[in-house]
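Visitor: Chains as they are written, first to last, in our numbering: chain A, 1 to 114; chain B, 115 to 226.
Glycine included, each C-beta is placed from N, C-alpha and C at the ideal position.
All values derive from a computational prediction rather than experimental measurement.
Dropping a structure here in structure tokens format, bear with me for questions.
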Amino acid sequence: GDSVTQMEGPVTLSEEAFLTINCTYTATGYPSLFWYVQYPGEGLQLLLKATKADDKGSNKGFEATYRKETTSFHLEKGSVQVSDSAVYFCALSLLPSSASKIIFGSGTRLSIRP
Amino acid sequence: DAGVTQSPTHLIKTRGQHVTLRCSPISGHKSVSWYQQVLGQGPQFIFQYYEKEERGRGNFPDRFSARQFPNYSSELNVNALLLGDSALYLCASSLAGSQPQHFGDGTRLSIL
């Protein structure tokens, strides 16, 4: 079935370090891909998205490129900040066949040291 | 404009009881989806409603049900609560069942 696999956490980095969180997917059809972020005690916020192969989503210094050949959507940021500490979820959606159902990975907890 | 609002914020129930969770979508959004997020895991899709009709259902038992009202708000009902139903229940709304979905802060349900 359709699924998302992302690197297990927790990931701990120092401020200004480079970040990569790996994400791969399995899907029938042509999914849209997403990264969501969840800050402590809050719901999910859409961080970025890409809807077709080779698209690059970007927001707040984060980037991810939709790689169909490797079925991947890795999240990167060049210089992390303490405020980036959160749980990050990679996700996919198979519109229109599955309405707006989103399939999430298990999440990666990121902690940034000052 | 207000975002997606959910109530209550926290809830404690005992096994066998029934619970109703409520969600108000962003103004103008006609689609509401419900997700269950167990501690340490990603959210799992439960239901999607659009224009008051069920448009999608996840792999959850019949104890879970939902509905959408004419004002597009929604309720999630869970009967015969089990310890394993303890989770954060998230509601998301979107314009027409498409992306992006906007999430509320969730209702944290604890079953004793």
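Just to make sure I have the definition right: I need the residues of chain B whose C-beta is within less than 9 angstroms of the C-beta of isoleucine 102 of chain A. Which are they?
Guide: The answer, in chain order, is Ser147, Tyr149, Pro157, Phe159, Ala206, Gln213, Gln215.
Visitor: Taking only the alpha-carbon atoms, compute the straight-line gap between glutamate 189 of chain B and glycine 218 of chain B and give it to the nearest angstrom.
Guide: So the alpha carbons of these two residues sit roughly 14 angstroms apart.
Visitor: Taking the beta carbon of tyrosine 66 of chain A as the centre, do at least 16 other beta carbons fall within 10 Å, making it buried, or is it exposed?
Guide: Buried: at least 16 other Cβ atoms inside 10 Å.
Visitor: Taking Cβ positions only, does serine 97 of chain A come closer than 8 angstroms to chain B?
Guide: Per-residue confidence for serine 97 of chain A stands at a pLDDT of 47, beneath the threshold of 50, marking its modelled position as unreliable; the derived number appears in the next sentence. Cβ-Cβ to chain B under 8 angstroms: no for serine 97 of chain A.
Visitor: Taking Cβ positions only, does glycine 198 of chain B come closer than 8 angstroms to chain A?
Guide: So, not an interface residue.
Visitor: Any C-beta of chain B within less than 9 angstroms: which residues of the region 48-75 of chain A qualify?
Guide: Cβ contacts with chain B: Lys49, Thr51.
Visitor: Give the residues of chain B in contact with phenylalanine 89 of chain A, contact being defined as C-beta atoms less than 9 angstroms apart.
Guide: What phenylalanine 89 of chain A touches in chain B: Gly156, Pro157.
Visitor: DSSP three-state call for threonine 57 of chain A: helix, strand or coil?
Guide: The sequence as given places glycine at residue 57 of chain A; threonine does not occur at that position. Looking at glycine 57 of chain A - three-state DSSP - the assignment turns out to be strand.
Visitor: For serine 14 of chain A, go through chain B and note every residue whose CB falls closer than 8 angstroms to its CB, in chain order.
Guide: Going along chain B, no residue has its Cβ under 8 angstroms from serine 14 of chain A, so there is no contact; the nearest lies around 25 angstroms.
Visitor: Report all residues from its chain with a CB closer than 6 angstroms to the CB of proline 157 of chain B; omit the five preceding and five following residues, and keep chain order.
Guide: Contacts found: Tyr149, Gln151, Leu204.
Visitor: So is serine 106 of chain A in contact with chain B if we call contact Cβ pairs under 8 angstroms?
Guide: Taking Cβ atoms only, chain B reaches closer than 8 angstroms to serine 106 of chain A, which makes this a yes.
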